[in-house]
């Protein structure tokens, strides 16, 4: 997540700098809303004769009905099957036939589908995508085998990965009573119980034009793209009224929790501590920007405190870092992690990290560190060569989460305003060990 | 909870021994089901001219809708207010006027209301109780002030009690993804958002004759009691079809969690470790009985291992005990706790308990210990002087949770069959430290 969010920044800079000077960061993005409520965002990008077409739905794992975890993600599978119009797999075959790429992804906040094709194929992609927004077939012959496929996917991704197993429980501890506590892929016993009726209800509830955002990035004209969208998506009538996304909230955290998981398959112990922290969308003014720079200062670059002190000088860890997941729709997290060397113990690394955090809370960061962290962002921007898919992904995720394009175009300016006082303030406000979640991954002793 | 469950046993013995010999433990309890689905249980108890009348509803905090925690408990308040028939508080005033007692209680599994009055008042109690099962008034003038009362109740019970604060989070950790994770009284922010419509919907859904069990214990004739019930409860028609109680399940536990809460108000540190363990209702044959005796052996009496070793011999703790909550409808818990002396540390006590548990897992219990634990139950039975309210409470809770009277009357016999192998087996099966939840309550350092 963090890596993704960081890349968001870079792409924006890349895009905006292509169309404007440093002080005018408004890219040439066009937004439209069709009569049925569907939103269209066109991002001209003429670097190559290619277009990325993404359909975003404002529904994710956090919208899974209680006891039905994995349902949002299930559509990542079903949407590639049959519709009333097209045969099972026909859309994918069509993308493949023209040498295109396609994929889909689900987060707690949203679900998205995309194709990267030649601009001449865009009309066709819209035709297929609009079709599966409303005409998906969910039959027993398709649903039940796919449920087994997903159980196998879970088994591979989670059950065979000790760190993923621990991570599921750490997340549940961090997000008590909040739907971010559930795994995107779903709890195994709940996936196994998903029923066709659940999928049909979910599809009808959320796969509606008013809940979709189409992002088209590439070698296209906005007005022409709008006409194509009107001719395809524009023909869909909502079959249900818009519904509100209702998520439960976590109680105020007051307890420090440590989770320890031992597994004979662990060859590399690791330590992680997370704190609840607000995302960009819900943070008080300037806090998220300060958290991003704080994570860079502590553990986000080759010249970070952790890297210099713990990895290079004290030689305790092979890796030690910090992360801030700023891109969520709701309460998110800030964290530290460390991986001991073969000749050091987990406790040596966790103690060293704690010392560094204590030092931070006591003395704060320096102006030099802050400037360096900010510069690190800028340098990365200059050299970043981001893909069109990433480009479309940025704006899709921001808009799907309720943000605006302006939230992002003003971001560099807001980052420039962050002071050392801002950074020290968020550190002291959010990095309270007595309300943190610590994870210890260890090999199982004989 | 444990104390209650233990008392269940004692009362059954007391009751049954009054009506039968030791080998025939079938008490003279009569069960009826009215045409509208309401169940009536009559437990003759002629020790005094008094009757306990209880209305049990098979709905509790675990049935609170997602994000609406505290709703089941809210009725403990609303049910004493106004109905379409009677003024606000009229029922209570009537109980009080005849020198009766009344109360109500909510668990995760059920909600119950009772009055203890002279037998001549039973008809009147049934009239009032049947009335509020269907005619409750939930108006804004009643609902909103009561919500504030409940928030104040929560503040007093939880926010002012460091151990209660920690306990809420420990429970959430033990019951990840299960509705037992929510506090009975509700999370503060969710109580504050409860709406009248939530209450009305909940009331109509669950306060129905088919979801009620009336328990009458006391100086009454079963047949006469049935006639009274028919004349009151029997007149209620269900206004909704029976609904199924659907609870989400926890994922398989694999992680050890430690929760630490520091609060300047803590004068007495304490340590607790809980393990998921099946209740009587869902355990494999003989397991729950063995868990009950195991808890007695380890920490349930003056001659328990913890008491002898940790409190008396090593003089590390002022208290150290074990508990098993066998009476839940779903997955429950087994646990250990310890309270250090003023001159010892929390770690000294927790280490001593861990040593005792390691010893148990290694060597098991002895036949002598098992026999002594079983005898402890029997002795307590003989001397127990249980109240009629407890008597009614036993059978109400068992039946509300889906058990049968026979489940309980056969219990002594099942306890007699427990072997040391049974006890050692459940100890090794359920007391796995790597899947336990540990709570540490500590004073906050200056």
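Residue numbers (our numbering), protein chains in the order written: chain A, 78 to 523; chain B, 78 to 523.
Glycine is no exception: its CB is placed at the ideal position from the N, C-alpha and C atoms.
Computed from a predicted structure; not experimentally measured.
Relative to the alpha-carbon of residue 149(B), which residue among 351(B), 436(B), 271(B) and 197(B) has its alpha-carbon at the smallest distance?
It is 271(B) whose Cα lies nearest to the Cα of residue 149(B).
So that I know if they touch, is there some Cβ in chain B lying closer than 8 Å to that of residue 29(A)?
Because chain A is modelled from 78 through 523, residue 29(A) falls outside the range shown and cannot be assessed.
If you follow the alpha helix (DSSP H) that residue 278(B) is in, where does it begin and where does it stop?
Element bounds for residue 278(B): 273-283.
The ligand FAD and residue 106(A): does any heavy atom of the ligand fall closer than 7 Å to the residue's C-beta?
This structure lacks the ligand FAD; in fact it carries no ligand of any kind.
Among the residues of its own chain, which have a CB less than 8 Å from the CB of residue 287(A), if the five just before and after it don't count?
Result list for residue 287(A): 113, 114, 115, 315 and 319, in chain order.
Considering only DSSP beta bridges, list what residue 133(A) is partnered with.
Partner(s): 189(A) and 290(A).
So for residue 89(B), helix, strand or coil by DSSP?
Caution is warranted here: a pLDDT of 42 is assigned to residue 89(B), below 50, making its placement in the model unreliable, and no coordinate value can be reported.
Among 260(A), 133(A), 218(A) and 422(A), which residue has its Cα nearest to the Cα of residue 180(A)?
Ranking the options by Cα distance to residue 180(A), first place goes to 133(A).
Does residue 166(B) pass the burial test, meaning 16 or more other C-beta atoms within 10 Å, or should it be called exposed?
Exposed, because fewer than 16 other Cβ atoms sit within 10 Å of the Cβ of residue 166(B).
Which residues, in order along the stretch 345-364 of chain B, keep a beta-carbon less than 8 Å from a beta-carbon of chain A?
The stretch 345-364 of chain B vs chain A, Cβ under 8 Å: nothing.
Enumerate in chain order the residues of its own chain whose CB-to-CB distance from residue 340(B) is below 6 Å, with the five nearest sequence positions on each side excluded.
So the qualifying residues of the chain are 239 and 521.
What would DSSP say about residue 233(A), mapped onto helix, strand or coil?
Of the three classes helix, strand and coil, the one that applies to residue 233(A) here is helix, per DSSP.
Whole-angstrom Cβ separation of residue 412(A) and residue 352(A), contact assumed at under 8 Å?
At roughly 7 Å, the Cβ-Cβ gap stays under 8 Å, so residue 412(A) and residue 352(A) are in contact.
Report yes if the CB atom of residue 245(A) is closer than 8 Å to the CB atom of residue 517(A), and no otherwise.
The answer is no: Cβ separation not under 8 Å.
Would residue 273(A) pass as an interface residue toward chain B - the criterion being a Cβ-Cβ separation below 8 Å?
Not one chain B Cβ lies under 8 Å of residue 273(A).
Mind checking which residues open and close the alpha helix (DSSP H) that includes residue 208(B)?
Run containing residue 208(B): 199-211, per the alpha helix (DSSP H) assignment.
Return no unless some Cβ of chain A is closer than 8 Å to the Cβ of residue 262(B).
For residue 262(B), the answer is no, since every Cβ of chain A falls outside 8 Å of its Cβ.
Starting from the beta carbon of residue 338(A), find every residue of chain B whose beta carbon is closer than 7 Å, and list them in chain order.
Those are 331 and 332, listed as they occur along chain B.
Please work out which residues of its chain come closer than 7 Å, Cβ to Cβ, to residue 427(B), disregarding the five sequence neighbours upstream and downstream, and give them in chain order.
348 and 415.
Taking residue 215(B) as the reference, give the member of 249(B), 138(B), 203(B) and 280(B) with the closest Cα.
Taking only the C-alpha atoms, the option nearest residue 215(B) is 280(B).
By the DSSP assignment, the beta strand (DSSP E) with residue 340(A) in it spans what residues?
Unbroken beta strand (DSSP E) run through residue 340(A): 333-340.
Pick out whichever of 241(B), 503(B) and 369(B) has its Cα sitting closest to the Cα of residue 448(B).
Out of 241(B), 503(B) and 369(B), 369(B) has the C-alpha closest to the C-alpha of residue 448(B).
So that I know if they touch, is there some Cβ in chain A lying closer than 8 Å to that of residue 319(B)?
Closer than 8 Å: no.
What residue from 420(A), 406(A) and 236(A) has the CA that sits closest to residue 345(A)'s CA?
Checking every option, the nearest Cα to that of residue 345(A) belongs to 420(A).
Do the CB positions of residue 476(B) and residue 290(B) come within less than 8 Å of each other?
Cβ atoms of residue 476(B) and residue 290(B): closer than 8 Å.
If the cut-off is 9 Å on Cβ atoms, which residues from the stretch 421-433 of chain B count as contacting chain A, listed in chain order?
Answer set for the stretch 421-433 of chain B: empty.
Once DSSP output is grouped into helix, strand and coil, what is the label at residue 217(A)?
Here residue 217(A) sits in helix by DSSP.
If you reduce the DSSP assignment to three classes, tell me which class residue 180(A) lands in.
Residue 180(A) falls in the strand class under three-state DSSP.
With DSSP run on the structure shown, which of helix, strand or coil describes residue 398(A)?
Residue 398(A): strand per DSSP, three-state reduction.
Following the continuous beta strand (DSSP E) through residue 152(A), name the residue where it begins and the one where it ends.
Careful: residue 152(A) lies outside any beta strand (DSSP E), inside the alpha helix (DSSP H) at 148-155.
Write down the C-beta distance between residue 363(A) and residue 399(A) rounded to the nearest angstrom, noting that I regard them as a contact closer than 8 Å.
Contact doesn't hold; Cβ gap of about 19 Å is too wide.
Taking the alpha-carbon positions, what's the residue 106(B) to residue 469(B) distance?
Those two C-alpha atoms are separated by around 11 Å.
Under 7 Å Cβ to Cβ from residue 331(B), same chain only, skipping five residues before and after it: list those, please.
512, listed in sequence order.
What three-state label does DSSP hand residue 475(A) in the structure shown?
Three-state result, residue 475(A): helix.
For residue 356(A) and residue 409(A), which I take to be in contact (beta-carbon distance under 8 Å), what is that distance rounded to the nearest angstrom?
Contact holds; Cβ gap of about 4 Å.
Counting only Cβ pairs nearer than 7 Å, list the residues of chain A close to residue 180(B).
Per Cβ cutoff of 7 Å: no residues; residue 180(B) is ~28 Å from chain A at best.
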